[in-house]
Amino acid sequence: MSCPKTQHLLQEYFSDDLAPLAREEIGNHLNSCEQCSNELEALLFAQSNLQKWQEQQVPHWDRGLELFRREHRSGNFRSGFWSRWQWLPTAASFAMLGILLLNVSVTSNQQGFSLSFGAGSGNSEQFDVQLSEFQARQQNEMEALITRVEDRLDSNSIQLLQAVMDQTQQSTAENLDRIYAFFEQQRIRDLEDMRVGYQELVDSDYETIRSLQQLAQFVSYQGTVR
Amino acid sequence: MSLINEDEALIAAALKGSAYAWEKLVKRYESRVYNHGLRLTGNSSDAMDLMQEVFLGVYRNLHRFRGDAKFSSWIFRIAHNKAVDMNRRKRLMTLQSKSGDQDERDIFEQIASYSHDEPDARLSSEELNSQIVKMLSILPLDQRLIVELKVFQSQTFEEIADMQDISVNTAKTRFYTALKKLKVVLEENHVLP
Ligand SMILES: [Zn+2]
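Protein chains in written order, with my numbering: chain A, 1 to 226; chain B, 227 to 419.
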């Protein structure tokens, strides 16, 4: 005799999120209905047979690295320009230490950064003022720099795209769109990381820099700096 | 960035062009995807093809990955679609085509006898796996995929239903139907001399 509940009951038995009450009901029926419990046992047995699978090792393959490198290399400026880009926060941090220790000021123009060496400062109040002025100035410089880099990246993306297309010999519009979208995404991310990185640097290093500045102050009184 | 989710860190780095991060990301999942392919296609060359297509898909769409789903679920969604595509191009794992050397009945007898005894040392892992593959090969691809995703990849019926564009109930029914078929095969072949 076949139990009318079997299919529905067992289907629910394998559910992911069975309410405790429903689970209890199923359990009660299984306890009282031999047909359903035998059927369940057989299904679990079939499932357990599958689970005897022995993990096989993946044969050697290149993991898509060739494609990855090809699409991310694309001329010199990818490794040149983009890796220099990663340096910017570090460079900014050095520049800040430079101004504090040696009174160097950093300005940026179309050609890049330029450094100038200022006269020594008198006392630490003055230094504090200089420090906050410096921070404000540097932040402005950085914003200006980011804007300029952004413009340059736009044209770079197009060149990059062209280089990729030349290499892959696939010039369908769909591919172009896909690759362009990919780089666009990356460009935005990099810019965002850059902004965040610089802000974090400014926030976190302020105190460190202040104490280094005190040290520099002390050293300069000893006449060993400059 | 939180250090909790290594996948996301690797994805971010790979998107920035780190080949090392990309390789590490692939290494984390290649075995799961390859074994998934073996069970779906029944042979290593199709499994390799499928795996490479899956990771190409992952690479092409990596920038679209949002952290709202687990990366593994996302990968198996891609794998699901690639398997369906592949099956359209050439039928994956039809019973008669793959096994010229062995009689079907022998194979199922072996499964059945193996299953009923304690673990049989005579069976190598390849033999055991090929028996599991033969068992799965009786299922049409949609059911095979559900069994695979449920039993091996621990996906929820909701995730599976979403992938196959069916209702959660239909997914449950398909899973139940598939298990029933596997059960019948095991029983029939155990009863046979
Ligand atoms: Zn019943």
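Idealized CB from N, CA, C, for every residue including glycine.
Because the structure is a prediction, the values reported are computed rather than measured.
message: Less than 7 Å between C-beta atoms, sequence neighbours within five positions excluded: which residues of the same chain meet that for W300/B?
response: Indexing the second sequence from 1 puts residue 300/B at position 74. Here the set comprises F291.
- prompt: Short check: CB of Y255/B to CB of V58/A, under 8 Å?
  reply: Numbered from its first residue, the second sequence carries residue 255/B at position 29. Numbered from its first residue, the first sequence carries residue 58/A at position 58. No; because the gap between Cβ atoms is not below 8 Å, this pair is not in contact.
message: Relative to the C-alpha of Q278/B, which candidate in S132/A, E34/A, H60/A has its C-alpha closest?
response: Stepping through the second sequence from its first residue, residue 278/B is reached at position 52. Q278/B has its Cα closest to that of H60/A, out of S132/A, E34/A, H60/A.
- request: Please classify K5/A: does DSSP put it in a helix, a strand, or coil?
  value: Taking the first sequence and counting its residues from 1, the one referred to as residue 5/A is at position 5. In the structure shown, the three-state DSSP call for K5/A is coil.
- request: List the endpoints of the continuous alpha helix (DSSP H) containing D311/B.
  value: In the second sequence, the residue the question calls residue 311/B occupies position 85. Unbroken alpha helix (DSSP H) run through D311/B: 297-315.
query: For the alpha helix (DSSP H) that M319/B lies in, which residues bound it at each end?
result: For the purposes of this step, residue 319/B is taken as the residue at position 93 of the second sequence. Here M319/B belongs to no alpha helix (DSSP H), and DSSP marks it neither H nor E.
message: Counting C-beta neighbours from all protein chains within 10 Å, is the total for E34/A 16 or more, i.e. buried, or is it exposed?
response: The sequence position of residue 34/A within the first sequence is 34, counting from 1. E34/A should be labelled exposed.
field: Among I386/B, K409/B, L412/B, nearest to R303/B - alpha-carbon criterion
entry: The count along the second sequence starts at 1 and reaches residue 303/B at position 77. The residue with the shortest Cα to Cα distance from R303/B is I386/B.
field: Beta carbon proximity, P20/A to chain B, threshold 8 Å
entry: Indexing the first sequence from 1 puts residue 20/A at position 20. The beta carbon of P20/A sits no closer than 8 Å to any beta carbon of chain B.
task: Indicate the three-state DSSP secondary structure (helix, strand or coil) for F14/A in the structure shown.
output: Locating residue 14/A in the first sequence gives position 14, where the first residue counts as 1. Of the three classes helix, strand and coil, the one that applies to F14/A here is coil, per DSSP.
- prompt: What residues of chain B sit near R69/A, judged by a beta carbon separation below 8 Å?
  reply: Working through the first sequence from its first residue, we reach residue 69/A at position 69. Result: A245.
- prompt: Taking 8 Å as the CB-CB limit, is P59/A close to chain B?
  reply: As a working note, residue 59/A is residue 59 in the first sequence. Chain B contact via Cβ: present.
field: Residue-chain proximity (G27/A, chain B), Cβ-Cβ < 8 Å
entry: Locating residue 27/A in the first sequence gives position 27, counting from the first residue. So no, G27/A is outside the interface.
field: Under 8 Å by beta carbon: chain A residues contacting W248/B
entry: As a first step, residue 248/B is located in the second sequence; it is residue number 22 there, counting from the start. Within 8 Å Cβ-Cβ: R63, G64, L65, F68.
Backbone secondary structure at D275/B - three-state DSSP: For this step, residue 275/B is matched to residue 49 along the second sequence. In this structure, D275/B counts as helix in the three-state DSSP scheme.
- prompt: At a cut-off of 7 Å, is T406/B close to ligand 1 when judged by its beta-carbon and the heavy atoms of the ligand?
  reply: Stepping through the second sequence from its first residue, residue 406/B is reached at position 180. For the record, residue 406/B in the displayed sequence is Lys; it is not Thr. No, ligand 1 has no heavy atom inside 7 Å of this Cβ.
field: DSSP three-state assignment for F383/B, whether helix, strand or coil
entry: Against the second sequence, residue 383/B aligns to sequence position 157. In the three-state scheme derived from DSSP, where H, G and I count as helix and E and B as strand, F383/B is classed as helix.
query: Any C-beta of chain A sitting closer than 8 Å to the C-beta of N261/B?
result: Stepping through the second sequence from its first residue, residue 261/B is reached at position 35. With 8 Å as the cut-off, N261/B counts as an interface residue toward chain A.
message: Tell me which residue opens and which closes the alpha helix (DSSP H) that V373/B is part of.
response: Along the second sequence, read from residue 1 onward, the residue named residue 373/B stands at position 147. Looking at the DSSP string, the run of the alpha helix (DSSP H) that includes V373/B is 367-373.
message: What I want to know is whether the C-beta of T6/A ends up closer than 7 Å to one or more non-hydrogen atoms of ligand 2.
response: The model on display carries ligand 1 but not ligand 2.
Cβ pair count under 8 Å reaching 3, the segment 5-17 of chain A against the segment 399-417 of chain B: These segments touch.
query: Does DSSP put C36/A in a helix, a strand or coil?
result: The residue given as residue 36/A occupies position 36 in the first sequence. C36/A falls in the helix class under three-state DSSP.
- request: Look at the alpha carbon of L371/B and the alpha carbon of L241/B, and state the distance between them as a whole number of angstroms.
  value: To locate residue 371/B, count along the second sequence from 1; it is residue 145. To locate residue 241/B, count along the second sequence from 1; it is residue 15. Those two C-alpha atoms are separated by around 30 Å.
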